[in-house]
Amino acid sequence: MNKTIAGEQFHLGVCYYPEQWPEHMWADDYSRMKEIGFTTVRMGEFAWNFFEPEEGVFAFDLFDRAIDLAYKHGLQVILGTPTATPPAWMTYKYPEILNASFEGKQFNHGMRRHYNYSSPVYRDYCAKITEAMAKHYANHPGIVGWQIDNEFNCEVNSFYSNADHVAFRTWLQEKYGSLDALNQAWGAVFWNQSYSDWEQVHLPRPTPGGAPNPHQTLDEKRFISDNIISFARIQSEILRKLAPKQWITTNGMFAHLDNHTMTEELLDFYSYDSYPNFATLWNDADRENPLMDRISSNHLTKVRSISPNFCIMEQQSGPGGWVNKLQQPSPKPGQMRLWTFQSVAHGADMILYFRWRTATFGTEIYWHGINDYHNQPNRRVAEAETVSRELGRIGEAIVGSRYAAEVAILHDYDNEWDGEFDVWHGPLTIESIYGWNKALQLSHIPFDYLNLKDKTRLDDLVHYKVLVYPHPTIMSDETAELLKQYAAGGGKVIFGARTGYKDKRGHCRMTPFPGPVADLCGVTVEDFTLIVDKAATPNIRWVDGGEEAGTPASLFNDILRPVNDNVETLALFDGDYYAGKPALTRNPYGTGEAYYYGAAFSREVADALIRRLGLKPATTGWSELPPQVEVAIRVKQNRRYAFLLNYSDKPVKALLLRETEDMLEGKRLAAGDLNIAPYGVKILSLDQA
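In structure tokens form, the structure reads like this:
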């Protein structure tokens with residue numbers, strides 16, 4: 168069951184670092200926070216030295232004063248456990264808590280996240296500081312919840328200290344039970360890698376050619392995830408026991424961590440850090456009509472799959488940048504507000520801006536907050552005030568409402584982690600997720616992500632008309648059976664190239680592709696090829712001529728052969744030695760159907776399938792929107808709330824097909840043109856869902 172934030176009030180707040188500012192500034196800071204309309208502050212996540220200035224000596228006086236004063240000003244506090252930044256006295260005395268590089272070189276103290284999760288010494292110190300803080304603050308009326316650590320696996324997401332090798336070995340012993348089982352799972356007979364003693368087993372290490380055992384690298388990612396969860400469990404269990412009236416979360420969303428399992432087992436809800444301006448660094452600018460900051464909606468959709476309603480623990484408010492990297496331009500006027508409502512549209516019921524005031528020292532002196540160094544009024548403060556007023560007006564209505572979608576993109580961690588190392592399928596998923604994301608967004612069709620795991624049941628799938636599972640190379644028999652049940656009951660499922668040829672160990676199956684879903688798809692893969700030369704990529708030709716010719720079948724081609732008379736070929740390859748062979752097929756299955764596309768999905772192919780599937784925009788019957796505007800629908804007690812987000816720097820015009828209510832302006836809107844300002848937001852209250 169998905170964990171979700173619960174409350175009757177929308178909370179807006181900010182991250183604050185009282186240890187970084189003179190104490191005489193606190194009261195003025197808190198007063199101005201309240202004037203803006205903030206209700207919540209987060210603090211403490213990097214302040215271990217203030218809580219434990221020397222080993223075994225705990226001191227709470229500074230944060231007692233900071234928290235008491237915040238409470239006096241009517242602010243609720245989220246307190247972070249400070250385990251993301253172990254203090255120098257600890258790393259000096261116990262260097263074994265430090266992480267190490269892939270080559271085995273130990274990292275030094277400094278920056279943050281320089282520890283490993285495996286060290287028994289570090290786990291013990293983390294338990295002690297958490298216990299001390301929980302005992303001290305469990306009954307403080309100003310503290311509503313805890314953030315465990317900060318951004319697990321940010322900065323570095325692989326771990327090679329001596330403690331990690333030992334912990335990995337123990338994890339493998341528990342998973343496999345014997346060396347024979349391990350050798351079989353890893354295919355260790357290949358290149359004579361078999362192990363005869365557990366002490367011979369390690370995490371991946373440097374090898375000739377930089378090519379460690381692929382099954383070992385898959386287990387490495389599984390281990391890292393389980394190891395983080397066990398590390399977080401220590402803190403969660405202490406807080407549950409000693410501070411049961413305060414909720415528990417953690418923040419971020421980084422690689423090599425099963426956030427779904429962690430949240431389900433340890434947290435009350437999940438929190439995310441939303442920085443849409445990263446699109447200026449890691450973007451798709453070489454593509455036609457790049458999504459840029461709109462791609463953050465994709466990330467928020469993944470967050471929503473963990474917690475349908477969630478917290479944004481850090482919402483970008485200003486330009487980002489460290490002293491030596493991550494340089495970003497300033498958000499344009501209106502973008503901070505747009506990004507805030509982007510988060511709200513996708514399910515956020517609590518948002519904290521990062522940060523109250525830009526740091527005047529340290530690595531993040533260019534990672535700007537709401538206030539500049541000089542503390543004088545600026546446009547970001549003004550935008551925060553506007554957002555606060557607007558959320559004050561609509562928050563009670565929308566809090567607790569759920570995002571509505573009829574399409575889901577399926578996701579699982581095994582394929583994500585295997586594809587990170589396996590270049591024969593990982594890049595396909597990246598391309599296809601982007602293609603579907605872009606096609607659905609620009610078609611105004613909201614979608615969810617659905618994480619597939621052992622506990623997933625048919626009831627979790629049947630809410631959706633269409634499931635897109637782009638390239639599930641690893642496909643268990645159980646998952647295949649679940650998808651067959653879904654299709655048999657009327658669902659539509661879509662696969663892409665490289666589906667189903669590996670088992671859970673990452674071994675290739677000795678059966679025709681697409682393995683356990685071959686009968687569902689009604690095809691076999693008679694041939695295949697990696698597309699090495701992008702310029703030589705074959706096109707596909709639509710059999711019915713209903714689509715524009717010349718659509719490339721990119722990255723990898725599965726050449727298909729239907730195996731029953733009911734299979735309909737929708738598109739053929741139009742190039743190379745397999746010209747005229749099926750590229751896209753449809754197979755009726757029960758009262759549903761399965762599609763198989765023998766390539767990576769582009770936006771053009773996804774658009775064509777959207778039309779053939781009969782999927783309709785969420786605006787059908789009440790509005791027509793230009794492509795620059797994203798639509799999201801949140802539903803509560805049969806009321807629908809439509810978020811219209813203009814990502815363009817120019818005004819756009821929508822068409823309302825009937826009268827509706829503008830929630831932000833508190834007025835009725837007649838049918839006709841609706842003007843949306845550059846980076847503008849409209850929230851409309853629709854009729855019954």
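Residue numbers for the sequence shown follow the working numbering, so the first one is 168 and each next one is one higher. Even for Gly, the Cβ is constructed at its ideal location relative to N, Cα and C.
Discussion item. One question on the structure: do I234 and V244 come within less than 7 Å of each other, judged by their Cβ atoms?
Written reply: For this step, residue 234 is matched to residue 67 along the sequence shown. For this step, residue 244 is matched to residue 77 along the sequence shown. Contact: yes.
Worksheet entry | Residue ranges of each beta strand (DSSP E) within the stretch 551–628, 3 or longer | 574–578 and 614–618
Worksheet item: Should I532 be listed as close to the ligand HEM, given that the test is whether its C-beta is under 6 Å from any heavy atom?
Response: Absent from the structure shown: the ligand HEM. Ligands present: none.
Worksheet item: If L727 and T704 are in contact, beta carbons under 8 Å, what's the gap, nearest whole angstrom?
Response: Residue 727 sits at position 560 when you count from the first residue of the sequence shown. Residue 704 sits at position 537 when you count from the first residue of the sequence shown. Between T704 and L727 the Cβ distance is about 17 Å, and since that is not below 8 Å, they are no contact.
Worksheet item: Which residue spans inside the stretch 296–338 form an unbroken beta strand (DSSP E) run of at least 3?
Response: 310–314
Worksheet entry | Counted within 10 angstroms of its Cβ, other Cβ atoms place G419 as buried (16 or more) or exposed | Within the sequence shown, residue 419 is the residue found at index 252, counting from 1. Classification for G419: buried.
Worksheet item: If you draw a straight line from the C-alpha of G344 to the C-alpha of Y437, how long is it?
Response: Within the sequence shown, the letter at position 177 stands for residue 344. Within the sequence shown, the letter at position 270 stands for residue 437. The alpha-carbon atoms of G344 and Y437 are separated by roughly 33 Å.
Worksheet item: Residue ranges of each beta strand (DSSP E) run of no fewer than 3 residues wholly in the stretch 363–438, ordered along the chain?
Response: 414–416
Fill in: Buried versus exposed, by CB contacts within 10 Å (16 or more), R290
Taking the sequence shown and counting its residues from 1, one reaches residue 290 at position 123. By the neighbour-count rule (16 or more Cβ atoms within 10 Å), R290 is buried.
Worksheet item: Hey, V848 and L467 are a contact pair by Cβ (cut 8 Å); roughly how many whole angstroms apart?
Response: Residue mapping note: residue 848 aligns to position 681 of the sequence shown, counting from 1. Residue mapping note: residue 467 aligns to position 300 of the sequence shown, counting from 1. With a Cβ gap of about 15 Å, V848 and L467 do not count as contacting.
Worksheet entry | Nearest-angstrom Cα separation, counted from D440 out to L433 | Along the sequence shown, read from residue 1 onward, the residue named residue 433 stands at position 266. Along the sequence shown, read from residue 1 onward, the residue named residue 440 stands at position 273. Their backbone Cα atoms lie some 19 Å apart in a straight line.
Worksheet entry | N-terminal and C-terminal residue of the alpha helix (DSSP H) that V772 is part of | By one-based count along the sequence shown, residue 772 stands at place 605. Looking at the DSSP string, the run of the alpha helix (DSSP H) that includes V772 is R770 to L780.
Worksheet item: If you check the beta carbons only, do L519 and V181 fall under 7 Å apart?
Response: In the sequence shown, counting from the first residue as 1, residue 519 sits at position 352. In the sequence shown, counting from the first residue as 1, residue 181 sits at position 14. A contact, by the Cβ cut-off of 7 Å.
Worksheet item: Rounded to the nearest angstrom, how far is the Cβ of W603 from that of V635, given a contact under 8 Å?
Response: Along the sequence shown, one-based indexing puts residue 603 at 436. Along the sequence shown, one-based indexing puts residue 635 at 468. That belief holds up - the Cβ atoms of W603 and V635 are roughly 6 Å apart, short of 8 Å.
Discussion item. From the DSSP secondary-structure annotation, give me the bridge partner or partners of C182.
Written reply: Locating residue 182 in the sequence shown gives position 15, counting from the first residue. C182 is bridged to R209.
Worksheet entry | Under the three-state DSSP convention, the category G247 falls into | On the sequence shown, residue 247 is found 80 positions in, with the first residue counted as 1. Three-state result, G247: strand.
Practice prompt. Find the nearest neighbour of Q367 within the set F508, G529 and V333, judged by alpha-carbon distance.
Written response: For the purposes of this step, residue 367 is taken as residue 200 along the sequence shown, with counting starting at 1. Out of F508, G529 and V333, V333 has the C-alpha closest to the C-alpha of Q367.
Discussion item. Please state whether the Cβ-Cβ distance between I203 and S484 is less than 7 Å.
Written reply: Along the sequence shown, read from residue 1 onward, the residue named residue 203 stands at position 36. Along the sequence shown, read from residue 1 onward, the residue named residue 484 stands at position 317. Their beta carbons are not under 7 Å apart, which means I203 does not touch S484 by this criterion.
Discussion item. For a minimum of 3 consecutive residues, which ranges assigned as the beta strand (DSSP E) are wholly contained in the stretch 688–726?
Written reply: 690–697 and 706–709
Item to complete: Per DSSP, which residues does P749 bridge with? Please list them.
Response: Counting from one through the sequence shown, the residue named residue 749 turns up at place 582. P749 pairs with L739.
Worksheet item: Ends of the beta strand (DSSP E) at D516?
Response: Reading the sequence shown from its first residue, position 349 is the one you call residue 516. Element bounds for D516: A515 to F521.
Worksheet entry | Spatial distance of N805 from S472 (CA atoms) | The count along the sequence shown starts at 1 and reaches residue 805 at position 638. The count along the sequence shown starts at 1 and reaches residue 472 at position 305. Approximately 21 Å between the Cα atoms of the pair.
Worksheet item: Hey, is the stretch 756–770 in contact with the stretch 782–799, meaning 3+ C-beta pairs nearer than 8 Å?
Response: no
Worksheet item: Would the beta-carbon of H423 fall within 7 Å of that of N324?
Response: Locating residue 423 in the sequence shown gives position 256, where the first residue counts as 1. Locating residue 324 in the sequence shown gives position 157, where the first residue counts as 1. Yes. Within cutoff.
Item to complete: Can you say whether R522 is buried or exposed, counting buried as having 16 or more other CB atoms within 10 angstroms of its CB?
Response: Position 355 of the sequence shown, counted from the first residue, corresponds to residue 522. The residue is buried, with at least 16 neighbouring Cβ atoms inside 10 Å.
Discussion item. On the DSSP letters alone, give me the boundaries of the beta strand (DSSP E) that I661 sits inside.
Written reply: Here residue 661 refers to the residue found at position 494 when the sequence shown is read from its first residue. Per DSSP, I661 belongs to the beta strand (DSSP E) from K659 to G663.
Worksheet item: Using the C-alpha atoms, what's the distance from M192 back to A856?
Response: Stepping through the sequence shown from its first residue, residue 856 is reached at position 689. Stepping through the sequence shown from its first residue, residue 192 is reached at position 25. Note that A856 scores a pLDDT of 49, beneath 50, so its modelled location is shaky; the value from the coordinates is reported in the next line. Looking at the two C-alpha atoms, the distance is approximately 49 Å.
Worksheet item: Below 7 Å between beta carbons: does that hold for P784 and I576?
Response: Position 617 of the sequence shown, counted from the first residue, corresponds to residue 784. Position 409 of the sequence shown, counted from the first residue, corresponds to residue 576. Not in contact: P784 and I576 (Cβ atoms no closer than 7 Å).
Discussion item. Across the stretch 705–713 and the stretch 683–694, are there enough close Cβ pairs to call them in contact, namely three or more that are closer than 8 Å?
Written reply: no
Fill in: Run of the beta strand (DSSP E) containing I843, from where it starts to where it stops
Locating residue 843 in the sequence shown gives position 676, counting from the first residue. That run of the beta strand (DSSP E) goes G839 to I843.
Worksheet item: Nearest CA to the CA of D585: which residue from Y570, K671 and F230?
Response: For the purposes of this step, residue 585 is identified with residue 418 of the sequence shown, where counting begins at 1. Closest option to D585, Cα to Cα, is K671.
Fill in: DSSP three-state assignment for A856, whether helix, strand or coil
The residue given as residue 856 occupies position 689 in the sequence shown. Bear in mind that the predicted position of A856 carries a pLDDT of just 49, short of 50, making it too unreliable to give a figure here.
Worksheet item: CA-CA distance, W414 and H307?
Response: Counting from one through the sequence shown, the residue named residue 414 turns up at place 247. Counting from one through the sequence shown, the residue named residue 307 turns up at place 140. The alpha-carbon atoms of W414 and H307 are separated by roughly 13 Å.
Discussion item. Could you tell me the alpha carbon to alpha carbon distance between E557 and I565, rounded to whole angstroms?
Written reply: The residue labelled residue 557 in the question sits at position 390 within the sequence shown. The residue labelled residue 565 in the question sits at position 398 within the sequence shown. C-alpha separation (whole angstroms): 12 Å.
Worksheet item: How big is the Cα-Cα spacing for D451 and V819?
Response: As a working mapping, residue 451 is identified with position 284 in the sequence shown. As a working mapping, residue 819 is identified with position 652 in the sequence shown. About 23 Å.
Worksheet item: Are there 16 or more other CB atoms within 10 angstroms of the CB of S285, so buried, or fewer, so exposed?
Response: As a first step, residue 285 must be located in the sequence shown, where it is residue number 118. Buried is the call here.
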